[in-house]
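One structure below.
There are 2 protein chains.
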Amino acid sequence: MNQETAKQLARELMNDSKFAMVGSNGEEGFPHIKSMIKIETEGLRKVWFSTNTSSKRVAQFRANPKASVYFTDQVKWTGLMLVGHMEVLDDPEIKERFWSDGCEIYYPLGVTDPDYSILCFTADWGNYYASLVNTTFEV
Amino acid sequence: MNQETAKQLARELMNDSKFAMVGSNGEEGFPHIKSMIKIETEGLRKVWFSTNTSSKRVAQFRANPKASVYFTDQVKWTGLMLVGHMEVLDDPEIKERFWSDGCEIYYPLGVTDPDYSILCFTADWGNYYASLVNTTFEV
Chain A
125 MNQETAKQLA
135 RELMNDSKFA
145 MVGSNGEEGF
155 PHIKSMIKIE
165 TEGLRKVWFS
175 TNTSSKRVAQ
185 FRANPKASVY
195 FTDQVKWTGL
205 MLVGHMEVLD
215 DPEIKERFWS
225 DGCEIYYPLG
235 VTDPDYSILC
245 FTADWGNYYA
255 SLVNTTFEV
Chain B
125 MNQETAKQLA
135 RELMNDSKFA
145 MVGSNGEEGF
155 PHIKSMIKIE
165 TEGLRKVWFS
175 TNTSSKRVAQ
185 FRANPKASVY
195 FTDQVKWTGL
205 MLVGHMEVLD
215 DPEIKERFWS
225 DGCEIYYPLG
235 VTDPDYSILC
245 FTADWGNYYA
255 SLVNTTFEV
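Going down the list, the sequences are from chains A and B.
Start counting the first sequence at 125; every next residue gets the next number (the numbering used here).
Start counting the second sequence at 125; every next residue gets the next number (the numbering used here).
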């Protein structure tokens with residue numbers, strides 16, 4: 125598969141996905157994984173999530189921003205791994221921009237809740253898998 | 125949630141899952157993720173996968189066996205992360221034991237295909253997530 129086709133199919137897989145698997149470097153050198161709701165994306169380059177400031181992932185990404193984000197369609201047997209860096213953002217304007225109804229379940233104090241943070245992932249490269257073929261590309 | 129309840133629900137989530145997300149340490153310290161078919165499990169302790177011997181994951185686990193395996197139910201919003209070590213096995217008896225019809229798609233030379241290997245994951249601990257609550261336990 126050529127890279128442009130892979131990138132187009134990768135964008136479609138991202139757009140069709142409500143969740144992403146987020147990879148981080150956990151304690152003692154073990155890779156960790158967590159399913160998180162994808163709030164917003166910008167092409168293949170950016171993915172935003174919200175999280176509790178007190179969560180393990182925030183501590184892990186502050187210690188080591190190296191990250192991956194994985195999308196999969198278990199019916200079509202396709203997968204997309206994006207590899208890059210995760211930033212922890214607590215700027216009030218950013219928090220306002222990504223706030224939506226229902227967020228109170230996770231952040232009871234509302235948009236200014238100090239336990240509400242935004243994670244911004246930026247991809248450097250990706251790998252799209254479909255029909256037994258891996259296609260790697262720069263983002 | 126108490127640990128015994130979490131472990132029981134974790135076992136049910138594993139049993140109900142066809143796929144697992146496998147976390148590895150990729151090049152340059154980045155965590156990698158790949159969706160793989162779960163062949164077999166033994167309690168919460170062991171998970172077996174098959175893979176191409178020539179694959180990136182085999183090279184990564186030979187270099188660094190630290191691994192995680194993640195199961196999620198995106199309808200119930202539950203997740204299970206198991207953290208431990210991955211072994212790459214190419215013993216003929218093991219390969220025979222886990223061979224099944226259809227494997228030829230991945231390993232055209234059959235059960236003795238040198239490009240067919242088994243990955244055996246052994247968990248040390250786990251974290252089960254449900255209803256906003258994380259429960260961590262030893263395995």
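Backbone N, C-alpha and C fix where the C-beta goes; we use that ideal spot for every residue, glycine too.
Identify the contact partners of residue i in chain B, using a Cβ-Cβ distance below 8 Å as the criterion.
i	result
I163(A)	Here the premise fails: no neighbours, minimum Cβ distance about 16 Å.
G153(A)	N149, N188 and K190
Under the rule that 16 or more other beta-carbon atoms within 10 Å means buried, what is residue i, buried or exposed?
i	result
G153(A)	exposed
T129(A)	exposed
L233(A)	exposed
Q132(A)	exposed
G250(B)	buried
S178(B)	exposed
N139(A)	exposed
T260(B)	exposed
N149(B)	buried
V199(B)	exposed
K219(A)	buried
A187(A)	exposed
Just grab the DSSP bridge partners of residue i for me.
i	result
P155(A)	N149(A)
V212(B)	L243(B)
N176(A)	Y240(A)
I161(A)	F143(A)
T196(A)	G203(A)
T129(B)	The partner list for T129(B) (beta bridge, DSSP) is empty, contrary to what the question assumes.
Residues of chain A with CB closer than 8 Å to the CB of residue i, please, in chain order.
i	result
Y194(B)	M145, I157, K158 and S159
Mind listing the chain B neighbours of residue i? Cutoff is C-beta to C-beta under 7 Å, in chain order.
i	result
Q127(A)	Per Cβ cutoff of 7 Å: no residues; Q127(A) is ~18 Å from chain B at best.
Taking residue i and residue j to be in contact with their CB atoms under 8 Å, please state how far apart those CB atoms are, rounded to whole angstroms.
i	j	result
K158(B)	V171(B)	At roughly 13 Å, the Cβ-Cβ gap does not stay under 8 Å, so K158(B) and V171(B) are not in contact.
L168(A)	V263(A)	5 Å
H156(A)	M205(B)	6 Å
V182(A)	V212(A)	5 Å
- [ ] Pull out every residue of the stretch 202 to 219 of chain A whose Cβ sits closer than 7 Å to any Cβ of chain B, in chain order.
- [x] G203, M205 and V207
Task: Residues of the stretch 130 to 142 of chain B whose Cβ lies closer than 9 Å to any Cβ of chain A, in chain order - done: K142
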